[in-house]
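Reviewing the structure listed below.
Number of protein chains: 2
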Amino acid sequence: MPQRTKYLVGVDLGGTNIVAGALAEDGASDVVALRSEPTRPDQGADAVVDRMVRMIDTVIAETIAQTGARREDVVGVGVGAPGPLDRERGIVVTTPNLGWTNFPLRDVIAERTRLPVRIDNDANCATLGEWWLGAAKGASNVIGMTIGTGIGGGIILGGRLYHGASDVAGEIGHATIDITGRRCKCGNYGCLEAYASGPSIAERAREAIGGDHDTLMGRLVGGDLTRITAATVYEAARLGDDVALDVVRETARFLGAGVANLLNIFNPDVVVIAGGVTQAGDTLFVPLRREVRKRAFRPAVDACQIVPGTLAAAGVVGAVAAYQQQGTLDGR
Amino acid sequence: MPQRTKYLVGVDLGGTNIVAGALAEDGASDVVALRSEPTRPDQGADAVVDRMVRMIDTVIAETIAQTGARREDVVGVGVGAPGPLDRERGIVVTTPNLGWTNFPLRDVIAERTRLPVRIDNDANCATLGEWWLGAAKGASNVIGMTIGTGIGGGIILGGRLYHGASDVAGEIGHATIDITGRRCKCGNYGCLEAYASGPSIAERAREAIGGDHDTLMGRLVGGDLTRITAATVYEAARLGDDVALDVVRETARFLGAGVANLLNIFNPDVVVIAGGVTQAGDTLFVPLRREVRKRAFRPAVDACQIVPGTLAAAGVVGAVAAYQQQGTLDGR
Chain P
26 MPQRTKYLVG
36 VDLGGTNIVA
46 GALAEDGASD
56 VVALRSEPTR
66 PDQGADAVVD
76 RMVRMIDTVI
86 AETIAQTGAR
96 REDVVGVGVG
106 APGPLDRERG
116 IVVTTPNLGW
126 TNFPLRDVIA
136 ERTRLPVRID
146 NDANCATLGE
156 WWLGAAKGAS
166 NVIGMTIGTG
176 IGGGIILGGR
186 LYHGASDVAG
196 EIGHATIDIT
206 GRRCKCGNYG
216 CLEAYASGPS
226 IAERAREAIG
236 GDHDTLMGRL
246 VGGDLTRITA
256 ATVYEAARLG
266 DDVALDVVRE
276 TARFLGAGVA
286 NLLNIFNPDV
296 VVIAGGVTQA
306 GDTLFVPLRR
316 EVRKRAFRPA
326 VDACQIVPGT
336 LAAAGVVGAV
346 AAYQQQGTLD
356 GR
Chain E
26 MPQRTKYLVG
36 VDLGGTNIVA
46 GALAEDGASD
56 VVALRSEPTR
66 PDQGADAVVD
76 RMVRMIDTVI
86 AETIAQTGAR
96 REDVVGVGVG
106 APGPLDRERG
116 IVVTTPNLGW
126 TNFPLRDVIA
136 ERTRLPVRID
146 NDANCATLGE
156 WWLGAAKGAS
166 NVIGMTIGTG
176 IGGGIILGGR
186 LYHGASDVAG
196 EIGHATIDIT
206 GRRCKCGNYG
216 CLEAYASGPS
226 IAERAREAIG
236 GDHDTLMGRL
246 VGGDLTRITA
256 ATVYEAARLG
266 DDVALDVVRE
276 TARFLGAGVA
286 NLLNIFNPDV
296 VVIAGGVTQA
306 GDTLFVPLRR
316 EVRKRAFRPA
326 VDACQIVPGT
336 LAAAGVVGAV
346 AAYQQQGTLD
356 GR
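If you read the protein sequences in the order shown, they are chains P and E. Here the first sequence stands for residues 26 to 357, numbered as in the working numbering. Here the second sequence stands for residues 26 to 357, numbered as in the working numbering.
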């Protein structure tokens, strides 16, 4: 009699949305019972936890319904959460987006679901998802960069997530690329994130049109320039708008410097770039790769693919994979 | 009967000097029979190899004389060489300082000494030496930075050298800290090395005194400003010269940005800084640590010690340690 497939639930806890789904332990299934709900952190930690638990229960019920698995075949829950975390103690140390401090997320969810729970950083999970089943499948050394409200990073070395001495490794968005440059939210100056995060791209676009409403980007937001987002820039660039194209090319230059640094430092096999920025497609990736080639060492450039992420729910897939890695070695 | 101590020879092949010595395999001895000779790369590769082989023979003979070991107790040779290297094939791919291209260093030395030989990058070896017996002894995750003519780097993760996909990981001197900044020898702009290597420090000092011979630094070099080196700057700073102190503080600011990036990315236990720059002592390290604290994430700062290297022959010690690591796993 063949062994029954075991399932793990993955949860991607973001500041805006909670995404959850289940995967076969061996990665042989697609994500089952994927669902997404608004996080609503303003309602407080208890309400967010209630929502997570309800979603996990629903995912388990749907997994059973869709796959014929039994309740006991669902064996654990991996959660990707905004950091910094203390993985060993299962605690979210502090997270501005949720307003939590020293919150014992792992144990709270474990008690409510009666399943073993393991947590890891959300950007780590997104990278690990792309490594397990996505754009960086099976590569040994992978750097993941997720560009959204901020720029998160994940580092996989020798096929395992690297966490550093106190679980904060991978803050590649907060590497200085311009020592006397823009102030970053983190307090530092000239961080990559201060140039190439979604809001930073929108801000540079607003600066580029200089208050002129009668531009394509201005028209796309009905004249209310405060409503320009990075998506507005990509849309206008797609339509051939010169100003937006310039903003995208500048973004490629900043990202290119940041990625070149990663190549010179890590000499990775793959750099996966995920998030809204991938909407820009070749408009971004072609000048980005060119900039990296200009800046990084040849043997590092030759060894590395720079690719967009391919998974719709990399965070969910990666939360499951991170659960499994924590189960084997200490994952450091 | 106790097992006899085995010895390994370490060779640090630099553009200026070759340094060699022997160590007990278990690291229980100090370096035995340490010696240094000028490399003289202008005489060609054969002459450099002859010199290396002669030095290795002498080190072995002296080790036997000093420790009572037998010839067969000396079991291998580790060589730290300027990169990029192909470790697996034992080849120096290219090295501007020596003028070598695709030189099969490992096999040439092995044939001449009739000992097994393994090669690794010189900056990797310097870092591994400090990890094995020096300032970073026993730490899990260590970044080493050697500041001399260039800025070399070594990365130790989980107690093992990290080499990357094609053996070029650790080029931390060529991370951009100023995207529109100074041109670097590597072709890129704004590399850390373009601000904080020995020659870059000397160049900034010359710019700071603006051709004025009648300054302390000018007098220290007898009025010939082209003779100012980084050592001149440290000496003048030690004597309280304001211009030199400014140059050292600026150096701390640049290095601080570079080191802060490493903290945010790697979250290491220890950063070891070695090379001539350590002569500046607290004049450099105090503002350097302050700058890092300003720029890096608190949990990364709290987890990390930033220390000067303590070994006189870190490259020799590390070449022996790298030999041993290559012998166990593939070292990747």
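Every residue, glycine too, gets a C-beta built ideally from N, C-alpha and C. Owing to the predicted nature of the structure, the values given are computational and were not obtained by experimental measurement.
Contacts with chain E at 7 Å (Cβ-Cβ) do not include residue 310 (chain P).
In this structure, the CA atom of residue 342 (chain P) is about 54 Å from the CA atom of residue 78 (chain E). When the beta-carbon positions are compared, residue 317 (chain P) and residue 285 (chain P) come within less than 7 Å of each other. According to the DSSP assignment, residue 32 (chain E) belongs to no alpha helix (DSSP H) but to the beta strand (DSSP E) extending over 32 to 38. In this structure the stretch 169 to 178 of chain E does not touch the stretch 268 to 279 of chain P; the number of beta carbon pairs closer than 8 Å is below three. Taking C-alpha positions only, residue 346 (chain P) is separated from residue 338 (chain P) by approximately 13 Å.
Assigned with DSSP and collapsed to three states, residue 98 (chain E) falls in helix. Listed along chain E are 292, 322, 324 and 325, each with a C-beta nearer than 7 Å to that of residue 193 (chain P). Residue range 307 to 320 is occupied by the alpha helix (DSSP H) that includes residue 311 (chain E), with no beta strand (DSSP E) assigned at that position. Spanning the alpha carbons of residue 146 (chain E) and residue 102 (chain P) requires a straight line of approximately 43 Å. Taking a Cβ-Cβ cut-off of 7 Å, the neighbours of residue 282 (chain P) in chain E comprise 201 and 204, given in sequence order. Only 182, 183, 187, 189, 190, 191 and 193 from the stretch 170 to 193 of chain E bring a Cβ to less than 7 Å from some Cβ of chain P. According to DSSP, residue 106 (chain E) shares a beta bridge with E:146.
With a minimum length of 3 residues, there is no unbroken run of beta strand (DSSP E) contained wholly in the stretch 189 to 222 of chain E.
DSSP places residue 327 (chain E) within a helical segment (H, G or I) once states are collapsed to three.
Linking residue 52 (chain E) to residue 158 (chain E) through their CA atoms gives a straight-line distance of about 7 Å. For residue 289 (chain P), the uninterrupted alpha helix (DSSP H) segment begins and ends at 267 to 291.
Residue 260 (chain E) and residue 243 (chain E) have their C-alpha atoms roughly 12 Å apart. Distance between residue 124 (chain P) and residue 105 (chain E), taken at the CA atoms: about 50 Å.
Distance from the CA of residue 182 (chain E) to the CA of residue 319 (chain E), rounded to the nearest whole angstrom, comes to 25 Å. Taking CB atoms only, residue 63 (chain E) has no neighbour in chain P less than 7 Å away. For residue 131 (chain P), the uninterrupted alpha helix (DSSP H) segment begins and ends at 130 to 138. Using a 10 angstroms sphere on the CB of residue 136 (chain E), the tally of other CB atoms stays under 16, which defines it as exposed. When 7 Å is used as the limit between beta carbons, residue 197 (chain P) is near these residues of chain E: 290, in chain order. Around the beta carbon of residue 121 (chain P), a 10 Å sphere encloses fewer than 16 other beta carbons of the protein chains shown; the residue is thus reported as exposed. Counting C-beta pairs closer than 8 Å gives fewer than three between the stretch 321 to 336 of chain P and the stretch 198 to 209 of chain P, which falls short of the contact rule. In the DSSP annotation of this structure, the continuous segment of the beta strand (DSSP E) that includes residue 120 (chain E) starts and ends at 116 to 120. With contact defined as three or more Cβ pairs closer than 8 Å, the stretch 287 to 297 of chain P and the stretch 64 to 80 of chain E are not in contact.
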